[in-house]
Each structure stands twice: as structure tokens, then as C-alpha cells.
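Residue numbers (the numbering used here): 3 to 458.
Note that beta-carbon positions come from the ideal geometry of N, C-alpha and C, so glycine has one too.
Here's the structure we're looking at; comments come further down.
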Amino acid sequence: MRCSSPHWRCDLMMKLPPQVNTAFEMLEAAGYEAYLVGGAVRDYVRDNSPAKDWDITTNALPEQVEEIFTGYHLIETGLKHGTVTVVIDQEPLEITTYRVDGDYSDHRHPDSVSFTRSLKDDLERRDFTMNALAYNPRTGVVDFVGGKADIAGDLVRCVGDPDRRFQEDGLRMLRALRFASVYGMTIEAATAAAIHRNKHLLKGIAAERILVELTKMLCAQGAAGVLRDFADVLAVPIPELTPMFGFPQHNPHHDKDVWDHTIAVIESITPEPVLRWAALLHDIGKPSCFSLAEDGIGHFFGHSDQSTSMAESILSRLRFDNASKEQIVRLVRYHDMPITADRKPIKRLLSKHGEDATRQLIELHKADTLGQSAICRHRIAIFEEVSQMINEILQEESCFTLKDLAVNGHDMMTLGFQGPTIGRVLQECLDAVLDEQIPNEHEALMAFAKDRQLKS
């Protein structure tokens, strides 16, 4: 079959793994159509980037798919929605029958689906035009909805009526924000307006799904633009953000309101989940801690503690894993602590938090400073000096923890210490080493401990 309609594109051949070609060949040999759909086609049209997952759509019914692939490992992934996963040479392929969806009473999943013989009907039920493309090696890319033009124009546009698309599945709104951020695209005007109109539907979306989409959005290149343009949407799952919007700081160290400062910090920090979430939440407690002095200068006394408490609540509500939550909360708690290029306090930081967390804390401090007014920029050099100092300290293989000490609990027992006193004296030994009062050497530490014994 050769293309003659403007809906078809045949100028490029997509490189497919042999398992996908096998699936195409088997379905077509049985007399059925088969097309690749979803992210694989979208990313191929965008920049020919490699696919991670392979989704195939066909006019074969689920039971016909199972019959065709008899002998292969089959997983009835979503049989009622027409999907069978076929595993060919260890590659899972989701094969779904052309379908149209019924009502979405829960604003998330269709109540029912009806199978159809029309590829066009199947593609027109999808969320965004860039995701409504199909590909077959013999026919090229099929585009009934203008998806190729929108990809070329860097536009995220709903297929058909955007209000209907979002009322069918509220999570699609966050997916739109994510696509805009990840691909640096603009959300088309009617689609954007519908997101603002329907944002309340996010209240019915599972926290785990919201977390996945928000994290991907936050960690992508276009996060700042999305945060500026759709702050009201993000405030549905995280209402604690709202007081930050437009909140003036009345302080010479800040030339931005709390929300714009937060966005600037996010822009300046490594796009990694723990750091980006810490940047988003580090000042969330500021509005509730604001006070204005007689000289007209604004202050936010205790905002680190308030932000820490709020961050813990938000992260728990969004079902963060405990390890990530602990890391983010730690960064929020200490984001405003004084940092100086002094070996002793830096060694104490390393002892308390470890290398990774200390480096993250320094990066957050640096990004926080970059988001402040120009009079604060001299501090950037301090953080760069601290980073170099950390490298030097680590190269020295310095002692940071009790297990690094050249003495242990048994040594303390030989001096006559017992019970909880052993741990206390070992900690005093570590503190003395960190403060560079004594070297981390067995003889020196034993003498130091013995002196503690004589003074107790």
C-alpha cells in the first residue's frame, strides 16, 4: 500500500527492533492491520530519538491476537480495554485493538470501550495530537489530527475538544504540563485555557500519579515556564503554594516575590528530583512567617522550621518514598543555615550529613543565592570555595564518623568506661578530631579519653 493522502508521510523509515517487525508480519499475514502508536512514533517524528516502549494498535480483536501469537508468552494486560501484551524474545509489546471509549464517570478511566475497524476513530480518541500518530513500515506515519504540524511548531494541543479530553481524564492536564516542560513546547491557547478551567478535576487523581507527573515536569528544561504560567493548576494538589504567589519580600536581599524567587532557584539547580523538590519547597513557609520591621524591612524569622514542617506534610500526602522525603526535608531544614569557607564547620557538616547530602546542601545554598538580588551574588564565590574544600578534605581521607576513629568501644572499656559513657566519650573524641584539636591516632585519642576520665 502506497500513500497518496496528505495524512500520510513516507519520507522516513523508522528503525524498529526485530520483535516489532515480527509482530507486524504476523498480524498482517493473518489479514489484519498493524501500526505502531504512542510515544515511539511521537519521538521518532520529533527528533528520531530511540523508543523505550513499543505499543501496537490493530483491527484484530484480543482473542484473535492471542490466537495469532499462540506459542508466545501472553499477558492479558487489560483485556477489557482490548490490550494483550505479547513477549517476543524478551521484548514486551502491548497490542491493543482499535477502539473508541465510552463515558469517563470517574474522570480517569473509560467506563466501557467499543472495538472499531477504523484506525482514524482510534487515533481521534487520544489525548494530544502529537500522541495520535501511527506508523507502519510499508505506509509511513499516519496523521489525521495535525500532530506532525504541532510537533514541528512545538505545540501541545488536545485532539478535538480540550474540555472533553480533560473531563475524560484529569491526569491529562498534568501530562500536558509535563510534555511542555520536557520538550520545551508551548501549550496551545485553547488547550491551556481548558486546563485552567478544569484544574479542579485534579482533586480526584491519585497522589501517586500526581507525584510522577509533577516530578517529571519539575526535572525538565521547561519547568520554570510551566510554573509561571500554570501556578494555579499546581496549587490544586499543593494548595500550600498559593500564599507564595505574588508575596512581596520587602527586603534588599530579594528583588523577586517569594514565588518568582522559588522559580529562579529551581532554574539554577541541577534537574534531579530531590534537589528540584527541595527548591520548590524551601521557602514555602515564608508567607506565614512574615513580619515588617519599623524600618520597612521584611523578615521571615523561623521560616526554615515552618517550611520543614509544611514540606513533611506535603511530601507525605503525595506519597513520596521515605528515603527521598528524608533527603528533601533535610535540605529544606538547613537551607538557611550559615555556610562559611572554614574547614572545621565543613568537616562537621560532612560528619553530620555525609558527602552526598552536604554537596546537595551547598548546591541548594548556591541556587538560593542566585535567586536573590545582585547584592548577594558575592556569596557564590564562598560556595564554590566550600565545594573545593570538600574535595580537598575528602582526598585527605579525614575522619568524619565514629567508625572512622582510630579507637573503638573496646578501647574505652580498657580505660574503665562503661555503658552509655562509652558512646559519649567516643563522640567527644570525634568532636575533637573534627575540630582538629587532636589527630585521629590511637595513642592521642586514648590520652584524650583518659583525660576526660580524670575530669569526670
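Alpha helix (DSSP H) segment containing residue i, residue limits
i    : result
G356 : 345 to 372
S326 : 324 to 336
G206 : Neither: G206 is in no alpha helix (DSSP H) and is coded neither H nor E.
C221 : Unbroken run through C221: none, as it is neither H nor E.
F385 : 381 to 397
H412 : 411 to 416
F249 : Careful: F249 lies outside any alpha helix (DSSP H) and carries neither H nor E.
M16  : Run containing M16: none; DSSP gives neither H nor E here.
L432 : 422 to 436
D453 : 444 to 457
H263 : 260 to 270
V533 : Given that the chain is displayed from residue 3 to residue 458, the structure contains no residue 533 and the question cannot be resolved.
I70  : 64 to 70
D171 : Taken as a continuous stretch (DSSP letters only), D171 belongs to no alpha helix (DSSP H), as it is neither H nor E.
L236 : 233 to 236
Whole-number beta carbon distance between residue j and residue i, since they are thought to touch under 8 Å
i    : j    : result
Y46  : M16  : 5 Å
S1   : A209 : The question about residue 1 has no answer, for the chain in this structure spans 3 to 458.
V267 : D370 : 5 Å
I395 : L320 : So it is not a contact: roughly 36 Å between Cβ atoms.
E438 : K346 : 6 Å
A196 : P164 : 4 Å
A136 : V39  : 5 Å
K368 : I382 : 6 Å
L372 : S306 : Not really, about 19 Å apart at Cβ, beyond 8 Å.
Q169 : N133 : About 18 Å separates the two Cβ atoms, so there is no contact after all.
F330 : L317 : The displayed chain sequence assigns Ile, not Phe, to residue 330. Sure, about 6 Å apart at Cβ, within 8 Å.
Bridge partner(s) assigned by DSSP for residue i
i    : result
A136 : V39, V144
R1   : In the structure as shown, the chain begins at 3 and stops at 458. Residue 1 is therefore absent and cannot be evaluated.
D57  : V39, E96
C160 : F130
I77  : T87
I189 : V158
H301 : S293
Closest by C-alpha distance to residue i, when choosing among the options
i    : options                : result
N61  : A42, R44, T85          : T85
A103 : R167, R48, G224        : Note that residue 103 corresponds to Asp in the displayed sequence, not to Ala. Of R167, R48, G224, the residue nearest in Cα terms is R167.
S51  : T59, I58, G41          : G41
L363 : R350, H380, R332, E387 : R332
L157 : G33, G149, L320        : G149
M312 : D285, A295, D338       : D285
L18  : D57, E445, E30         : D57
M415 : V144, L428, K82, K405  : L428
T464 : Q92, D91, R127, V67    : Past the edges of the chain, shown from 3 to 458, lies residue 464, and the structure says nothing about it.
G411 : S293, L432, I299       : L432
K349 : V388, I90, D91         : V388
N138 : S400, E30, Q223, T131  : E30
P289 : E296, W279, H301       : H301
H198 : I341, S309, T118, R174 : R174
L176 : D129, V147, V143, V161 : D129
L456 : L417, L436, K405       : L417
H75  : E69, K82, V88, H83     : V88
L63  : E78, D323, F402, D55   : E78
G33  : A53, R119, S114        : R119
G425 : K54, V161, R454        : R454
Y100 : D113, D124, H111, P94  : D124
Q374 : D257, E215, Y185, R140 : D257
F292 : S309, L277, R278       : S309
C-beta neighbour in chain C for residue i, strict 7 Å
i    : result
D129 : This model lacks chain C altogether, as it is built from one protein chain only.
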